[in-house]
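Only one structure is covered here, and it is reproduced in the block below.
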């Protein structure tokens, strides 16, 4: 059976169920690298170019790990745009080339161009071209893609309930996961999914917040309409797909009274993040905001200090707000309707 | 006499304070961690308790980046992050405080206070330019004790402009200015101003610095930096009397507040526990999974007190319940 390797990094977090279903339906076996761990990080940093952001460096590590498993093909999509008039960060456009240049001796690469900035015609042709590697039956190819989209839809529904992508993929593959229900704080946690939902890259930010008694709301828990509506309040349309989703979700959450605060995880050296983080901080209506910037640094202490302090602050603030709303002399001090 | 202890183990200094139940400071100790926090805790604690045989410790609070270590060694009732601890302490001395500037060994913070509680805060992100370690380093490069740095800097009459964006660039800028022949005090004052600009641009980042402004942390000892802040902000800075041990004071206050609300006894392990035991830490790389966590074990003689660093909590989980209680973050 033909074995197709899918690295467990970057847009794996957004599209893995689609990709896997597509290849499996076409009769291939899909193998993926293990979730990011220290070795992935070290291998990636050793070969990746310096200017790339952290998650891209880590992606290089995933490919090296996959390569050791000896797949027949490596699936490295070239993501240019996944929706009209919006783009993915330009580094993704050149990613397959960066990888080919830095890592020799790779198996044949399935380099699929995804560019839907104008229409989806180009994508249809690419699907056909990639499908033809496995079969000449065009009907089977389009059916496999349709099935992939259905699975993607199921996966996204899981994320709507508050699971991060890593958890949602585990559930989609048949494992059981539960969300903690006891929480006294509700936080909006934002950032690029491939950093934020990767437990190693984000130093388990979401997990730590849940342990500290927070319920976590993510970009995916907001509806498309809510996101677009809030994002439209900016003077100029944000043309990065993920950036706009983050701004939209953040501004939507900022106007939601049930959300106590916002946390934004940015990646050091990320161009879009440097803008988006500022946008959110300046336009979030005074909603408490915590910005976290990560890089290759492995010390968790700094992260924990900031998260703890943020939760402390929100709890103490709430306590004061609650007390200042109590009537100073009790309910009947000024007399009620029936007495003086 | 009943007392409460506050311990702040930072990257550069380790601070200890003893406070009575009226929140009055009985004793305070500020010492350098010198890269060995275990030893710093032991010796600092010995100094703290020296001559205080009569006291009963009713509560212990720890803070700083070494707060978990200190909690393990001493047994702590409150383990708090530095931001909350500093805010609590500043509000104790200055109930009206609205802005706290805190510059420590490796981090700098701004804390915005409203009605005595933290309203907003920020810490330096990926860059430690402008913190105590950098000043330390530059002082030693100029062959000068850090204690004399500020005194020299304020003698300057015309400060030199130095790039403060990055510690490395600041250093090469300073060398260049020295080679051009500028007097050393003007360069030092220039450095102080550069650090203030760096702080305002990278940490405070447009947050409103409103009166009353409290400046604390070890770096508040530096007159040069104080003068530079006052010049740039055009506001008076208030330096608390115990500016360099404020974190420890905050931790002690939190321990006091906690003990007043509960009937439980303090988790404090007693003097003998710390002074008689041999504390050792060892580390190994766990080979259980590809994460290769660096697991640290803290031992007292032969007993393992704590494990840290394992993401899966396998090592931490191997400890008994009482040992685990020591690790609890309150």
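Residue numbers (our numbering), protein chains in the order written: chain A, 266 to 605; chain B, 58 to 387. C-beta atoms are modelled at their ideal positions from N, C-alpha and C, and glycine is treated no differently.
Exercise. Shorter than 9 Å from the beta carbon of residue 522 of chain A to some beta carbon of chain B?
Worked result: Chain B contact via Cβ: absent.
Problem set entry | Residues in the segment 555–578 of chain A having any Cβ partner in chain B nearer than 7 Å | 558, 560, 566, 570, 571, 573, 574, 577 and 578
Exercise. Can you check whether the CB of residue 524 of chain A is closer than 9 Å to the CB of residue 510 of chain A?
Worked result: no
Problem set entry | Cutoff 9 Å: residue 140 of chain B Cβ touching any chain A Cβ | yes
Exercise. For residue 466 of chain A, which option in A:303, A:342, A:293 and A:277 has the closest C-alpha, if you only look at C-alpha atoms?
Worked result: A:303
Exercise. Along chain A, which residues have their Cβ under 7 Å away from the Cβ of residue 233 of chain B?
Worked result: Simply none; closest approach about 27 Å.
For this session: Would you please verify whether the beta carbon of residue 553 of chain A is less than 9 Å from any beta carbon of chain B?
Result: yes
For this session: Flag residue 299 of chain A as yes if its beta-carbon sits less than 9 Å from any beta-carbon of chain C, otherwise no.
Result: Checking the listed chains, one finds no chain C in this structure; the protein chains it contains are A and B.
Problem set entry | Residue environment, residue 233 of chain B, which counts as buried when at least 16 other CB atoms sit within 10 Å | exposed
Problem set entry | residue 136 of chain B beta carbon less than 9 Å from that of residue 144 of chain B | Residue 144 of chain B is not a Cβ neighbour of residue 136 of chain B, given a cutoff of 9 Å.
Problem set entry | Whole runs of the beta strand (DSSP E) within the segment 266–307 of chain A, excluding any shorter than 3 residues | 268–271 and 294–297
Exercise. Among B:134, B:209, B:150 and B:168, which has the Cα closest to the Cα of residue 158 of chain B?
Worked result: B:168
Exercise. Which residues in the same chain as residue 111 of chain B place their Cβ atom closer than 7 Å to its Cβ, once the five residues preceding and following it in sequence are excluded?
Worked result: Non-local C-beta neighbours of residue 111 of chain B in its own chain, meaning closer than 7 Å and more than five positions away in sequence, comprise 58, ordered along the chain.
Problem set entry | Which listed residue (B:93, B:199, B:71 and B:62) has its alpha carbon closest to that of residue 338 of chain B | It is B:93.
For this session: Alpha carbon to alpha carbon, how far is residue 454 of chain A from residue 427 of chain A? Give it in angstroms, no decimals.
Result: 11 Å
Exercise. Any idea which residues DSSP pairs residue 365 of chain B with across the strands?
Worked result: Per DSSP, the beta bridge partners of residue 365 of chain B are B:353.
For this session: Inspect the beta-carbon positions of residue 294 of chain B and residue 283 of chain B and report whether they are closer than 9 Å.
Result: yes
Exercise. Going along chain B, which residues have a C-beta under 8 Å from residue 302 of chain A?
Worked result: 346, 347, 348 and 349
Problem set entry | Local conformation of residue 363 of chain A per DSSP, three classes | helix
For this session: State the Cα-Cα distance for the pair residue 68 of chain B and residue 102 of chain B, rounded to the nearest angstrom.
Result: 17 Å
Exercise. Can you list the residues of chain A that residue 180 of chain B reaches, using a CB-CB cut of under 9 Å?
Worked result: 567, 570, 571 and 574
For this session: Determine whether the Cβ of residue 295 of chain B lies closer than 9 Å to any Cβ atom of chain A.
Result: Residue 295 of chain B does not count as touching chain A.
For this session: Starting from residue 241 of chain B, follow the alpha helix (DSSP H) in both directions and report where the run begins and ends.
Result: Per DSSP, residue 241 of chain B belongs to the alpha helix (DSSP H) from 241–256.
For this session: Write down every uninterrupted run of the alpha helix (DSSP H) in the segment 90–155 of chain B whose length is 4 residues or greater and which is fully enclosed by it, in chain order.
Result: Secondary structure remark: continuous alpha helix (DSSP H) runs of at least 4 residues inside the segment 90–155 of chain B, in chain order: 94–106, 124–131 and 139–150.
Problem set entry | Three or more C-beta pairs below 8 Å linking the segment 572–583 of chain A and the segment 69–83 of chain B | Cβ pair count under 8 Å is below three, so no.
For this session: With 9 Å as the threshold, decide whether the Cβ of residue 305 of chain A is near any Cβ in chain B.
Result: yes
Exercise. What number of angstroms, rounded off, separates the C-alpha of residue 556 of chain A from the C-alpha of residue 367 of chain A?
Worked result: 33 Å
Exercise. Taking the alpha-carbon positions, what's the residue 596 of chain A to residue 583 of chain A distance?
Worked result: Because residue 596 of chain A carries a pLDDT of 44, less than 50, the predicted location of this residue cannot be relied on, and the following value inherits that uncertainty. When rounded, the distance between both Cα atoms is 21 Å.
Exercise. Quick one: complete alpha helix (DSSP H) runs, 4+ long, within the segment 264–309 of chain B?
Worked result: 280–290
For this session: Could you tell me which uninterrupted alpha helix (DSSP H) segments, each at least 4 residues in length, are contained entirely in the segment 516–578 of chain A, listed from first to last along the chain?
Result: 536–548
For this session: Mark residue 237 of chain B as exposed unless 16 or more other C-beta atoms lie within 10 angstroms of its C-beta, in which case mark it buried.
Result: exposed
For this session: Go through the segment 171–221 of chain B residue by residue and report every complete run of the alpha helix (DSSP H) that reaches 4 residues or more, in order.
Result: Those alpha helix (DSSP H) runs which fall completely within the segment 171–221 of chain B and span 4+ residues are 189–198 and 203–210.
For this session: From the DSSP output, in three-state form, read off residue 438 of chain A for me.
Result: Coil at residue 438 of chain A, not helix or strand.
For this session: Please report the residue range of the alpha helix (DSSP H) in which residue 347 of chain A lies.
Result: Premise fails: residue 347 of chain A is in no alpha helix (DSSP H) and is neither H nor E.
Exercise. Between which two residues does the beta strand (DSSP E) harbouring residue 238 of chain A extend?
Worked result: Look at the range of chain A in this structure, 266 to 605, and you will see that residue 238 of chain A is not part of it.
For this session: Quick one: grab the DSSP three-state call for residue 385 of chain B.
Result: Low per-residue confidence applies at residue 385 of chain B: pLDDT is 49, beneath 50, and the placement is therefore not dependable, though the value from the model is reported in the following sentence. Looking at residue 385 of chain B - three-state DSSP - the assignment turns out to be coil, as it is neither helix nor strand.
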